[in-house]
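Residue numbers (full-length UniProt numbering), protein chains in the order written: chain V, 1 to 243; chain W, 1 to 243. This report refers to the structure that appears directly beneath it.
2 protein chains.
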Amino acid sequence: MPLTGQAARALIELRARIFTGRLRAGDRLAEIPLAEALGMSRTPIRLALSALQSEGLAVPAPGGGFAVRAFTVREVDDAVALRGQLEGMAARLVAEHGVSRGLSRRLHEALDQGDAALARGVLDEEALDAYGAMNTALHAAIAEAAGNAPLSRAIAAVEALPFASASALVPSPGSAPQRHRLLTFAHQQHHLLVEALEAGQGTRAEALAREHADNARRNLRLILDSGEAEGLAALITFSDAVA
Amino acid sequence: MPLTGQAARALIELRARIFTGRLRAGDRLAEIPLAEALGMSRTPIRLALSALQSEGLAVPAPGGGFAVRAFTVREVDDAVALRGQLEGMAARLVAEHGVSRGLSRRLHEALDQGDAALARGVLDEEALDAYGAMNTALHAAIAEAAGNAPLSRAIAAVEALPFASASALVPSPGSAPQRHRLLTFAHQQHHLLVEALEAGQGTRAEALAREHADNARRNLRLILDSGEAEGLAALITFSDAVA
DNA sequence: CGCGGCCATGTTGCATGCAATGGGGCTCTC
DNA sequence: GAGAGCCCCATTGCATGCAACATGGCCGCG
Numbered sequence: 001m002p003l004t005g006q007a008a009r010a011l012i013e014l015r016a017r018i019f020t021g022r023l024r025a026g027d028r029l030a031e032i033p034l035a036e037a038l039g040m041s042r043t044p045i046r047l048a049l050s051a052l053q054s055e056g057l058a059v060p061a062p063g064g065g066f067a068v069r070a071f072t073v074r075e076v077d078d079a080v081a082l083r084g085q086l087e088g089m090a091a092r093l094v095a096e097h098g099v100s101r102g103l104s105r106r107l108h109e110a111l112d113q114g115d116a117a118l119a120r121g122v123l124d125e126e127a128l129d130a131y132g133a134m135n136t137a138l139h140a141a142i143a144e145a146a147g148n149a150p151l152s153r154a155i156a157a158v159e160a161l162p163f164a165s166a167s168a169l170v171p172s173p174g175s176a177p178q179r180h181r182l183l184t185f186a187h188q189q190h191h192l193l194v195e196a197l198e199a200g201q202g203t204r205a206e207a208l209a210r211e212h213a214d215n216a217r218r219n220l221r222l223i224l225d226s227g228e229a230e231g232l233a234a235l236i237t238f239s240d241a242v243a
Numbered sequence: 001m002p003l004t005g006q007a008a009r010a011l012i013e014l015r016a017r018i019f020t021g022r023l024r025a026g027d028r029l030a031e032i033p034l035a036e037a038l039g040m041s042r043t044p045i046r047l048a049l050s051a052l053q054s055e056g057l058a059v060p061a062p063g064g065g066f067a068v069r070a071f072t073v074r075e076v077d078d079a080v081a082l083r084g085q086l087e088g089m090a091a092r093l094v095a096e097h098g099v100s101r102g103l104s105r106r107l108h109e110a111l112d113q114g115d116a117a118l119a120r121g122v123l124d125e126e127a128l129d130a131y132g133a134m135n136t137a138l139h140a141a142i143a144e145a146a147g148n149a150p151l152s153r154a155i156a157a158v159e160a161l162p163f164a165s166a167s168a169l170v171p172s173p174g175s176a177p178q179r180h181r182l183l184t185f186a187h188q189q190h191h192l193l194v195e196a197l198e199a200g201q202g203t204r205a206e207a208l209a210r211e212h213a214d215n216a217r218r219n220l221r222l223i224l225d226s227g228e229a230e231g232l233a234a235l236i237t238f239s240d241a242v243a
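Set out below in structure tokens:
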């Protein structure tokens with residue numbers, strides 16, 4: 001992954017602008033304005049746009065060029081379900097292969113951090129950040145430990161989509177007490193999942209991982225139905241599909 | 001998908017050269033020779049190389065540029081296992097949502113075509129082609145009918161890898177009688193899978209789809225162990241990994 | 001007044017030019 | 001003779017130029 005290079009910079013910046021809503025769904029990605037805005041020539045922009053298409057964040061526009069992909073609610077929901085299936089596979093593989101001493105330590109560290117973040121009844125900004133980081137680390141540890149590179153790639157690909165990431169919904173939902181309840185429940189699932197992994201219960205681990213993702217799907221619908229879609233409107237089209 | 005355009009042509013041609021072994025694992029993908037060979041400038045070549053990287057067929061080379069990705073046996077095996085998990089999800093979704101009349105027709109047509117191709121004891125070239133086409137159609141029908149676009153994308157991505165495709169192993173394995181036995185068994189699994197789909201048995205359908213992929217994994221190992229790796233040596237490195 | 005065709009313009013897609021970087025080979029020295 | 005340093009060159013990555021295409025507006029015509 002070239003951290004230097006204009007094309008990489010363009011890709012990162014474009015991703016950021018899409019995720020933050022500065023570029024909204026359907027917006028045309030014209031090369032010249034982007035090149036000027038990013039202070040580079042059109043060539044690296046073109047490369048970044050092509051990569052963005054591979055990532056699924058941009059779609060070819062009629063008559064050439066690209067536009068920001070419009071995601072339907074259905075599609076985001078489907079993506080989370082897919083993530084559940086993939087993480088379920090990862091969990092099953094880990095359980096079947098056995099949990100190494102190092103992995104066990106990583107998992108329990110994450111669980112402890114989550115417990116600590118949730119220990120106080122309220123979740124301030126700092127606790128939310130800590131929980132989010134813990135969540136990312138836990139899921140990443142399991143995905144890695146599965147030892148299946150194509151699987152890891154597939155998980156990374158689906159996490160590149162907006163709101164499909166494991167910790168995408170952490171900061172958002174509802175009131176503070178409700179949020180605490182939701183995260184507490186999710187973290188209980190984490191505990192059960194680790195328990196299943198260490199007990200070598202592959203099928204149970206897979207089922208728990210799926211249920212964990214389904215939980216995220218429910219929370220997502222909660223957010224959308226509650227009209228709490230702050231930045232979401234930029235990315236999700238509430239009417240019908242734009243493939 | 002732009003069917004016209006030099007970049008698209010370059011991408012297709014490069015994919016073909018990698019799959020046919022004309023470009024071997026580890027080969028450096030230098031722009032100028034490729035541009036000359038394909039009769040175009042370096043610009044569309046660069047675009048195609050970037051896309052090839054997204055597809056996982058090329059990796060960035062140290063010091064810039066790209067090289068043909070080297071696949072380990074392990075990685076191909078993992079990719080097929082992943083395909084099984086994904087097709088298992090598709091099968092489960094289809095079973096849960098119910099099989100439409102049109103889908104049922106497509107499925108049974110495929111089953112009949114497979115039966116016909118296998119009816120004669122021997123498998124000539126034509127019968128193999130027919131079986132392969134049937135196989136592709138059957139798997140594609142189920143993947144589509146699942147109605148989960150991110151899932152379809154994921155399946156397409158994993159099928160883009162060499163030997164991970166559903167029908168990649170059809171023409172290859174072993175002697176003619178052995179091949180007939182293997183395909184007959186695989187097709188019996190097709191029958192059972194369709195039965196499960198139409199009976200709404202989601203869990204069974206998922207298990208069958210996974211088992212079907214595991215069957216492909218066994219056949220793959222059979223080929224590799226039997227030294228029948230004709231064009232495979234160009235793509236698979238039998239020593240250790242090159243990420 | 002409405003519609004069709006034409007032109008102008010903006011944009012894309014490709015080709016080419018140019019500087020920077022990294023590697024290989026040669027030579028000089030010890 | 002072996003090793004180290006230097007120079008040349010090939011290759012990449014980016015910038016820019018150019019032609020083709022599609023789009024939108026305007027004018028002329030019905």
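Virtual Cβ for every residue (Gly too), placed ideally from N, Cα, C.
Q) CB V/V73 to CB V/L197, shorter than 8 Å? A) Start at 1 with the first residue of the first sequence, and residue 73 of chain V comes out as number 73. Start at 1 with the first residue of the first sequence, and residue 197 of chain V comes out as number 197. No, Cβ-Cβ distance for V/V73 and V/L197 is not below 8 Å.
Q) At least one CB of chain W closer than 8 Å to the CB of V/N148: is that the case? A) What you label residue 148 of chain V is simply residue 148 of the first sequence in a count that begins at 1. With 8 Å as the cut-off, V/N148 counts as an interface residue toward chain W.
(Q) If the criterion is Cβ atoms closer than 8 Å, does the pair W/N148 and V/A81 meet it? (A) Locating residue 148 of chain W in the second sequence gives position 148, counting from the first residue. Locating residue 81 of chain V in the first sequence gives position 81, counting from the first residue. Yes, they are a contact pair.
Q) Would you call V/G64 buried or exposed, if buried means 16 or more other Cβ atoms sit within 10 Å of its Cβ? A) One-based indexing of the first sequence puts residue 64 of chain V at position 64. Burial call: exposed.
Q | 6 Å Cβ shell around W/R42 - same chain, five flanking residues per side excluded | A | Against the second sequence, residue 42 of chain W aligns to sequence position 42. Within the same chain, W/R42 has close Cβ partners E31, A35.
Q) What residues in the region 56-87 of chain W bring their beta carbon closer than 8 Å to a beta carbon of chain V? A) G56, P60, E75, D78, A79, A81, L82, Q85, L86
Q: Round the Cβ separation of W/I155 and W/L86 to the nearest angstrom and send it over; I've been treating them as touching at under 8 Å.
A: As a first step, residue 155 of chain W must be located in the second sequence, where it is residue number 155. As a first step, residue 86 of chain W must be located in the second sequence, where it is residue number 86. Indeed they touch by this definition, with Cβ atoms about 5 Å apart.
Q. So V/R83 and V/V158 are in contact, right, with Cβ under 8 Å, and what is the actual spacing, rounded?
A. The sequence position of residue 83 of chain V within the first sequence is 83, counting from 1. The sequence position of residue 158 of chain V within the first sequence is 158, counting from 1. Yes, V/R83 and V/V158 are in contact; Cβ-Cβ is about 5 Å, under 8 Å.
Q: Please work out which residues of its chain come closer than 8 Å, Cβ to Cβ, to W/A243, disregarding the five sequence neighbours upstream and downstream, and give them in chain order.
A: Taking the first residue of the second sequence as 1, we reach residue 243 of chain W at position 243. At W/A243, the pLDDT of 35 sits below 50, so the modelled position is not reliable and the matter cannot be decided from this model.
Q) How many Å lie between W/A143 and V/G121 at the Cα? A) Counted from its first residue, the second sequence places residue 143 of chain W at position 143. Counted from its first residue, the first sequence places residue 121 of chain V at position 121. Approximately 45 Å, taken between the alpha carbons.
Q.
List, in chain order, every chain W residue whose beta-carbon is nearer than 9 Å to that of V/S54.
A. Position 54 of the first sequence, counted from the first residue, corresponds to residue 54 of chain V. Going along chain W in sequence order, the residues near V/S54 (Cβ under 9 Å) are S50, A51, Q53, S54, E55.
Q) Starting from W/P60 and walking both ways along the beta strand (DSSP E), at which residues does that stretch end? A) Along the second sequence, read from residue 1 onward, the residue named residue 60 of chain W stands at position 60. First-last of the beta strand (DSSP E) with W/P60: 58-60.
Q) Using CA coordinates, which residue listed in V/S54, V/G26, V/S104 is at the minimum distance from V/A61? A) Residue mapping note: residue 61 of chain V aligns to position 61 of the first sequence, counting from 1. Of V/S54, V/G26, V/S104, the residue nearest in Cα terms is V/G26.
Q: For the region 151-163 of chain W, enumerate the residues whose C-beta is nearer than 8 Å to any C-beta of chain V, in chain order.
A: L151, R153, A154, A157, V158, L161
Q) Quick one: what does DSSP say W/A67 is sitting in, helix, strand or coil? A) Translated into the one-based positions of the second sequence, residue 67 of chain W becomes position 67. The answer is strand: DSSP assigns W/A67 an E or B state.
Q) Per the contact definition of three or more C-beta pairs closer than 8 Å, is the region 96-110 of chain V in contact with the region 174-181 of chain W? A) no
Q: Would you mind sorting V/H139 into buried or exposed? The rule is 16 or more other CB atoms within 10 Å of its CB.
A: Here residue 139 of chain V corresponds to residue number 139 of the first sequence, with the count starting at 1. Buried is the call here.
Q: Within the same chain, show all residues whose beta-carbon is closer than 6 Å to that of V/A241, passing over the 5 residues directly before and after it, in chain order.
A: Locating residue 241 of chain V in the first sequence gives position 241, where the first residue counts as 1. For V/A241, the predicted model reports a pLDDT of 37, less than 50, meaning its position is unreliable; a value from the coordinates is still stated below. So the list reads T72, once near-sequence residues are dropped.
Q: Kindly indicate which three-state DSSP category V/R28 falls into: helix, strand or coil?
A: Taking the first residue of the first sequence as position 1, residue 28 of chain V is located at position 28. DSSP places V/R28 in strand when its eight states are reduced to three.
Q: Measure the alpha-carbon distance for V/L94 versus V/A209 and round it to whole angstroms.
A: Locating residue 94 of chain V in the first sequence gives position 94, counting from the first residue. Locating residue 209 of chain V in the first sequence gives position 209, counting from the first residue. Inspection of the sequence shows that residue 94 of chain V is occupied by Val rather than by Leu. Rounded to the nearest angstrom, the two C-alpha atoms are 12 Å apart.
Q.
Less than 8 Å between CB atoms is the rule here; does V/M89 satisfy it with respect to chain W?
A. Your numbering for residue 89 of chain V matches position 89 in the first sequence. Chain W contact via Cβ: present.
Q. Taking just the CA atoms, how far does V/V68 sit from V/L23?
A. Position 23 of the first sequence, counted from the start, is the residue given in the question as residue 23 of chain V. Position 68 of the first sequence, counted from the start, is the residue given in the question as residue 68 of chain V. Each residue's alpha carbon lies about 7 Å from the other.
Q | Coil, strand or helix - W/T4 by DSSP | A | Taking the first residue of the second sequence as position 1, residue 4 of chain W is located at position 4. If DSSP states are grouped into helix, strand and coil, W/T4 belongs with coil.
(Q) Does V/G5 pass the burial test, meaning 16 or more other C-beta atoms within 10 Å, or should it be called exposed? (A) Within the first sequence, residue 5 of chain V is the residue found at index 5, counting from 1. The residue in question, V/G5, is exposed, as its Cβ has fewer than 16 Cβ neighbours within 10 Å.
Q) With V/L220 and V/F163 assumed to form a contact (beta carbons below 8 Å), what rounded beta-carbon distance in angstroms separates them? A) Walking along the first sequence from the start, residue 220 of chain V turns up at place 220. Walking along the first sequence from the start, residue 163 of chain V turns up at place 163. The Cβ separation is near 7 Å, so the contact holds.
(Q) One question on the structure: do V/L161 and V/A79 come within less than 8 Å of each other, judged by their Cβ atoms? (A) Mapped onto the first sequence, residue 161 of chain V falls at position 161. Mapped onto the first sequence, residue 79 of chain V falls at position 79. Cβ atoms of V/L161 and V/A79: closer than 8 Å.
Q: Might you give, ordered along the chain, the residues of its own chain that have their beta carbon closer than 7 Å to the beta carbon of V/R46, omitting 5 neighbours on each side?
A: What you label residue 46 of chain V is simply residue 46 of the first sequence in a count that begins at 1. These residues qualify, in order along the chain: E31.
Q) Along chain V, which residues have their Cβ under 7 Å away from the Cβ of W/L192? A) The residue given as residue 192 of chain W occupies position 192 in the second sequence. Residues of chain V passing the Cβ test: none, with the nearest at roughly 20 Å.
(Q) Give me the DSSP bridge partner(s) of V/T136. (A) In the first sequence, the residue the question calls residue 136 of chain V occupies position 136. Partner(s): none; V/T136 has no beta bridge.
Q: Using a Cβ-Cβ cut-off of 8 Å, state whether W/L182 counts as contacting chain V.
A: Numbered from its first residue, the second sequence carries residue 182 of chain W at position 182. Chain V, which has no Cβ nearer than 8 Å to the Cβ of W/L182, makes this no.
Q: Ignore the nearest five residues each way along the sequence and tell me which others in W/L192's own chain have a CB closer than 6 Å to its CB.
A: The residue you call residue 192 of chain W lines up with position 192 of the second sequence. Counting only Cβ-Cβ distances below 6 Å, and skipping sequence neighbours, we find L208.
Q) Start and end of the alpha helix (DSSP H) containing W/N148? A) Sequence index remark: in the second sequence, residue 148 of chain W carries index 148 (1-based). From DSSP, W/N148 is part of no alpha helix (DSSP H); its letter is neither H nor E.
Q: Using a Cβ-Cβ cut-off of less than 9 Å, give me the residues of the region 36-50 of chain V that come near chain W, in sequence order.
A: T43, R46, L47, S50
**Q.** Contact set for V/A130: own chain, Cβ-Cβ below 8 Å, skip 5 residues either direction
**A.** Position 130 of the first sequence, counted from the start, is the residue given in the question as residue 130 of chain V. So the qualifying residues of the chain are Q113, A116, A117.
Q) Near V/Q44, which residues of its chain fall below 6 Å by C-beta distance, leaving aside the five closest residues on each side in sequence? A) Taking the first sequence and counting its residues from 1, the one referred to as residue 44 of chain V is at position 44. Note on identity: in this sequence residue 44 of chain V is Pro, with Gln being the wrong assignment. Result list for V/P44: Q6, A7, A10, in chain order.
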